[in-house]
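Asks: What follows is a structure written as structure tokens; I'll ask about it next.
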Amino acid sequence: MTSKIAILAGDGIGPEIIAAAEKVIECLRQDFAFAAELEPAAIGGAGYDQHGQPLPEQTLDICKQADAILFGAIGGPQYDGLAGELRPEKGLLNLRSSLSLFSNLRPAILYPQLASASSLKSELVAGLDIMIVRELTGGIYFGGPRGIREREDGSREGFNTMVYAEHEIERIARSAFDIARLRNRGLCSVDKANVLEVSELWREVVDRVAEDYADVTVSHLYVDNAAMQLVRAPRQFDVIVTGNLFGDILSDTAAMLTGSIGMLPSASLDENGKGMFEPVHGSAPDIAGNNLANPLATILSLAMMLRYSLQQPQLAELIEAAVGAVLDQGLRTADIAAGASSVGTREMGDAVVAAIRAAGGR
Ligand code: NAD
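Using our numbering, the first residue of the sequence shown is number 6, and each one after it goes up by one.
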């Protein structure tokens with residue numbers, strides 16, 4: 006069966022890192038009989054420039070019809086002055102909610118070759134392999150009422166609402182328990198139940214779902230403690246499940262444990278396993294257009310796509326092994342080179358393709 010893949014390059018370094026991943030797809034097509042049709046579409050600032058909207062209607066249609074979506078990055082200083090609904094980030098948030106991509110998987114894996122790149126001591130992080138499961142379509146980023154209003158004394162106040170319906174908590178909990186079962190069967194749920202009622206309900210529902218997963222060990226941590234534990238003794242974690250806001254912050258913290266945000270892939274899945282796959286990092290306007298971006302997070306996102314949406318685990322493993330092989334060869338983009346000599350985005354992408362071909366015997 007031919008897989009339809011929507012390709013959303015976006016802004017900044019987006020087109021450069023996506024070009025590297027497209028070369029990998031082309032290699033899989035030519036050498037490994039991977040049947041895929043690619044459909045490019047505009048999003049974010051590029052969507053606004055081309056169609057006046059950060060999520061143009063035609064882009065949403067293409068994404069709805071696709072089996073999976075490969076996403077680069079969005080945003081840039083030239084769009085910072087746009088009104089809320091037109092901002093690039095809105096395109097991404099709306100796409101996630103339009104497709105009900107509620108389960109965000111953010112692995113934080115420390116490649117042994119890069120152990121010295123972590124800001125923590127190697128002995129604390131060597132062999133780190135955490136999966137953060139972040140609820141993505143609810144919580145305070147979407148809750149209402151929200152806004153900035155005038156108070157009686159004429160001054161202003163800003164306000165947002167953190168809200169989770171029971172069914173939203175239950176489905177993200179189930180998604181996280183299922184993932185824990187595929188790993189080391191440890192699940193830590195993170196909330197702020199000592200202060201927030203929304204977290205009280207979160208904890209209650211997670212405990213209820215846990216009854217169906219007796220083989221998974223469940224623990225609960227307040228988010229402040231979880232942040233502390235992540236930098237104190239991160240290897241204690243297997244899978245972490247948490248809401249949208251806490252997950253946003255903790256997954257970036259976990260990202261830094263691994264040394265480079267340029268190495269981290271992510272997946273956002275709906276209830277049927279259809280997903281969008283994207284690097285954790287943003288559009289890096291400071292290095293865009295200079296062949297400096299690390300394409301590995303995007304290439305590893307492609308591997309996650311093959312595993313979680315397209316049922317091609319062997320191809321996923323082939324890509325992941327090729328990334329390990331180029332790191333073994335000593336190839337580094339500037340962000341992971343620690344001052345030593347480095348290669349560019351294109352060269353790194355080409356090296357991964359060569360390693361895949363080598364592993365495939367061609
Ligand atoms: P960022 O992730 O773009 O960049 C942070 C730092 O990491 C920068 O120094 C950047 O050069 C570096 N970096 C990021 N990705 C890299 C890569 N692949 N290789 C090498 N270095 C890399 O975050 P930011 O600077 O806070 O935001 C820049 C823009 O990106 C903003 O407009 C923001 O809104 C947007 N953003 C988009 C997404 C997304 O598309 N999912 C996520 C976060 C931020």
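For every residue, glycine included, the Cβ atom is placed at its ideal position computed from N, Cα and C. Treat the numbers as computed from the prediction; the structure is a model and nothing was measured.
In angstroms, rounded to a whole number, what distance separates the CA positions of Ile177 and Gly159?
Replies: Each residue's alpha carbon lies about 41 Å from the other.
Asks: Check the DSSP bridge columns for Asp134 and list the partner residues they point to.
Replies: Bridge partners of Asp134: Ile114.
Asks: Output needed for Pro82: all residues of its chain with C-beta closer than 7 Å, excluding positions within five of it in sequence on either side, in chain order.
Replies: Around Pro82: Pro290.
Asks: With DSSP collapsed to three states, give me the class of Ile177.
Replies: Helix, per DSSP.
Asks: Cβ of Ser102 within 8 Å of any heavy atom in ligand 1?
Replies: Checking the Cβ of Ser102 against ligand 1 gives no.
Asks: Can you list, in chain order, the residues of its chain whose CB lies under 8 Å from that of Thr338, leaving out five sequence neighbours each side?
Replies: Contacts found: Gly267, Leu297, Ala298, Asn299, Pro300, Leu301, Ser347, Val348, Gly349, Thr350, Met353.
Asks: Please state the DSSP three-state secondary structure of Phe164.
Replies: Phe164 falls in the strand class under three-state DSSP.
Asks: Per DSSP, which residues does Cys193 bridge with? Please list them.
Replies: Answer by DSSP bridge pairing, in chain order: Ser224, Ile245.
Asks: Under a three-way DSSP split, which group does Phe39 fall into?
Replies: Correct three-state label for Phe39: coil.
Asks: Just how far apart, CA to CA, sit Glu2 and Val168?
Replies: With the chain represented from 6 up to 367, any question about residue 2 goes unanswered, as that position is not in the structure.
Asks: Could you tell me the alpha carbon to alpha carbon distance between Tyr84 and Asp212, rounded to whole angstroms?
Replies: For Tyr84 and Asp212, the distance between alpha carbons rounds to 43 Å.
Asks: Which word fits Asp368, buried or exposed, when buried means at least 16 other C-beta atoms lie within 10 angstroms of its C-beta?
Replies: Coverage of the chain is limited to positions 6 through 367, which leaves residue 368 absent and any answer about it impossible.
Asks: Would you say the beta carbon of Ser288 is closer than 8 Å to some non-hydrogen atom of ligand 1?
Replies: Answer for Ser288: yes, Cβ within range of ligand 1.
Asks: Quick check on DSSP: helix, strand or coil for Ala360?
Replies: Helix at Ala360.
Asks: Can you look up Gly280 in the DSSP assignment and give me helix, strand or coil?
Replies: Gly280: strand per DSSP, three-state reduction.
Asks: Please state if the CB of Gly152 and the CB of Ala78 are separated by a distance shorter than 9 Å.
Replies: It is not a contact, given that the beta carbons lie outside the stated cut-off.
Asks: What are the boundary residues of the beta strand (DSSP E) that Lys9 is part of?
Replies: Its beta strand (DSSP E) spans residues 8-15.
Asks: If you check the beta carbons only, do Gly15 and Gly49 fall under 9 Å apart?
Replies: Their beta carbons are under 9 Å apart, which means Gly15 touches Gly49 by this criterion.
Asks: What does the Cβ neighbour count give for Ser108, buried or exposed, with the cut at 16 atoms within 10 Å?
Replies: By the neighbour-count rule (16 or more Cβ atoms within 10 Å), Ser108 is buried.
Asks: Between which residues of its own chain and Glu276 is the CB-CB distance below 6 Å, once the five residues before and five after are set aside?
Replies: Result list for Glu276: empty, nothing under 6 Å.
Asks: What is the residue span of the beta strand (DSSP E) that Ser2 lies within?
Replies: Missing from the structure shown is residue 2; the chain here goes from 6 to 367 and no further.
Asks: In angstroms, rounded to a whole number, what distance separates the CA positions of Met136 and Ser127?
Replies: About 19 Å.
Asks: Report back the beta-carbon spacing between Trp207 and Ile184 to the nearest angstrom; my notes put them in contact at under 8 Å.
Replies: Actually they are not in contact, since the Cβ atoms of Trp207 and Ile184 sit about 18 Å apart, beyond 8 Å.
Asks: Got a sec: does ligand 1 put a non-hydrogen atom nearer than 8 Å to the Cβ of Ile254?
Replies: Checking the Cβ of Ile254 against ligand 1 gives no.
Asks: Tell me whether Asn299, by its Cβ, gets closer than 8 Å to a heavy atom of ligand 1.
Replies: Flag set: Cβ of Asn299 near ligand 1.
Asks: Within the present structure, is the beta-carbon of Leu332 separated from the nearest heavy atom of ligand 1 by less than 8 Å?
Replies: Not so, every heavy atom of ligand 1 lies at least 8 Å from the Cβ.
Asks: Do you know how far the Cα of Lys9 is from the Cα of Leu250?
Replies: Distance between the alpha carbons of Leu250 and Lys9 is about 32 Å.
Asks: Excluding the 5 residues flanking Glu171 on each side, which residues of the same chain have their C-beta closer than 8 Å to its C-beta?
Replies: Leu206, Val210.
Asks: Grab me the residues of Tyr310's own chain with a C-beta within less than 6 Å of its C-beta, minus the 5 sequence neighbours each way, in chain order.
Replies: Strictly speaking, residue 310 in this sequence is Met, with Tyr absent from that position. Ala73, Phe282, listed in sequence order.
Asks: Under the DSSP definition of a beta bridge, which residues are partnered with Arg237?
Replies: DSSP output for Arg237 lists no bridge partner at all.
Asks: Going straight from the alpha carbon of Arg156 to that of Phe164, what length do you get?
Replies: Taking the straight line from one Cα to the other gives about 12 Å.
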